[in-house]
Amino acid sequence: MPTVKEIAERSGVSPATVSRVMNGSGSVTAGKRERVLAVLEALGGTRPQRRGGSRSMNIGILLSDSPESDSHAILQKLAFLAGQMRQHWNLLLLPAGILPQELEARHLRGELAGLFLVGHADSPELIRALRRIPYVWLNSHHSCGTDPTVLMGNEFAGRIAARYLKDAGCSRFLLLSAPSRNPGFPGRIAGFRFELFSHGETCETVELRLPPGRPGFEICTDDEIEQALDAALPHFENGTVDGLFSPEERLTALLYRRFARRRTAARPLVVSCNHTPEYLTGLHPRPATIDLGPRMLAELALKELLRRISGETPRADHVAVIVTPQLIPGDLPD
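Quick note, the sequence shown lines up with residues 83 to 416 if you use my numbering.
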């Protein structure tokens, strides 16, 4: 293994500069930092020789600046990961706001073997750091300068929702939509529309208008979403809709709250998405929901990350983690 001095000589910097790069210090210029990292890459990712020399058994959990709106789904994934970790491996929840340089430094020092990423967006700085760290996203996400990565299963969930409503005898469909920071959300909507179109059916789409400065419903308060529902759905009371798809469980819960507050008698049959019991408890009639399989996703993500840590060629994110949505039937009308 190379020493810090050898890396310094190859990269044309001082040993102190190499140490600062290894410690994640921001006092190193971008050019020098890249030269040091390039030397390490040329050496096959070999880390400088240090006392102890034991390999890291830590896998970090990093929450991005735009985490999932459904905290329950996050907890299900993390709880499953914690229960499935191999012996001697540890999950490490990284501090909020940690700098990408610090992530890179921890990996170079052998303190961090890989990363699970949770959220819907990254940054150019994080992208550069991830070039050298094994990682897997636990959800769909936007990536700077490229098309969004949508985990397979979102579009199929929308198609399942349309089939469920059709099989239940619905003929007047409504699709509830809203601006979202989750790139998987539009996939569910597209799948619902496509399935109806393929059977010669159409649906009305209601887009919630959020307050200014709210790029997605995930960061809206419950009151703000309810106000948007009141403004967008005045025609529920006349029974013109008998089947409704709500692509996210939180929206569904707030929709039912609106039903109760306005004492809506002619309620449509509702199918939701995400299968989060915490949101569905107490709703009557209970809506159907589509389980996107957070536990299965976490299991596949863990297997893929361990592959990448071991040095195997990584699969693309949208191929590495594939889930099969499952319908959880709700209460049908008498």
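Beta carbons: idealized from backbone N, C-alpha and C, even for Gly.
Look at Thr334 here: in three-state DSSP terms it is helix. Secondary structure at Gln169: coil, using DSSP grouped into helix, strand and coil.
Partner residues in a beta bridge of Cys302, as assigned by DSSP, do not exist. In this chain, the beta strand (DSSP E) harbouring Ile372 covers Ala370 to Asp373. Assigned with DSSP and collapsed to three states, Val232 falls in coil, not helix or strand. Using a C-beta cut-off of 8 Å, the segment 352 to 365 makes contact with the segment 324 to 340, since at least three inter-stretch Cβ pairs fall below that distance.
A Cβ-Cβ separation of about 16 Å leaves Leu173 out of contact with Ile215 under the 8 Å criterion. Inter-residue distance for Ala335 and Leu384 is about 31 Å (C-alpha atoms, whole angstroms).
Between Arg254 and Gly298, the C-beta spacing is not below 8 Å.
As summarised for the segment 183 to 214, the continuous alpha helix (DSSP H) elements at least 4 residues long and confined to that stretch are 206 to 212, given in chain order. The straight-line gap separating the alpha-carbon atoms of Leu387 and Gly282 is approximately 43 Å.
Between the alpha carbons of Arg245 and Cys285 lies a gap of roughly 13 Å.
With respect to Ala155, Pro376 sits close: the two C-beta atoms are nearer than 8 Å. In this structure, Ser225 is the residue among Tyr217, Ala272 and Ser225 with its C-alpha nearest to the C-alpha of Pro206. Setting aside the 5 residues that flank it on each side, Gly321 is surrounded in the same chain by Ala348, each with a C-beta closer than 6 Å to its C-beta; the list follows chain order. The straight-line gap separating the alpha-carbon atoms of Gly251 and Val323 is approximately 12 Å.
Here Ala380 is buried, its C-beta having at least 16 other C-beta atoms within 10 Å. Excluding its 5 nearest sequence neighbours in each direction, Arg92 has C-beta neighbours in its own chain below 6 Å: Val121, listed in chain order.
Closest by C-alpha distance to Gly94, out of Asn105, Gly273, Ile301 and Gly113, is Gly113.
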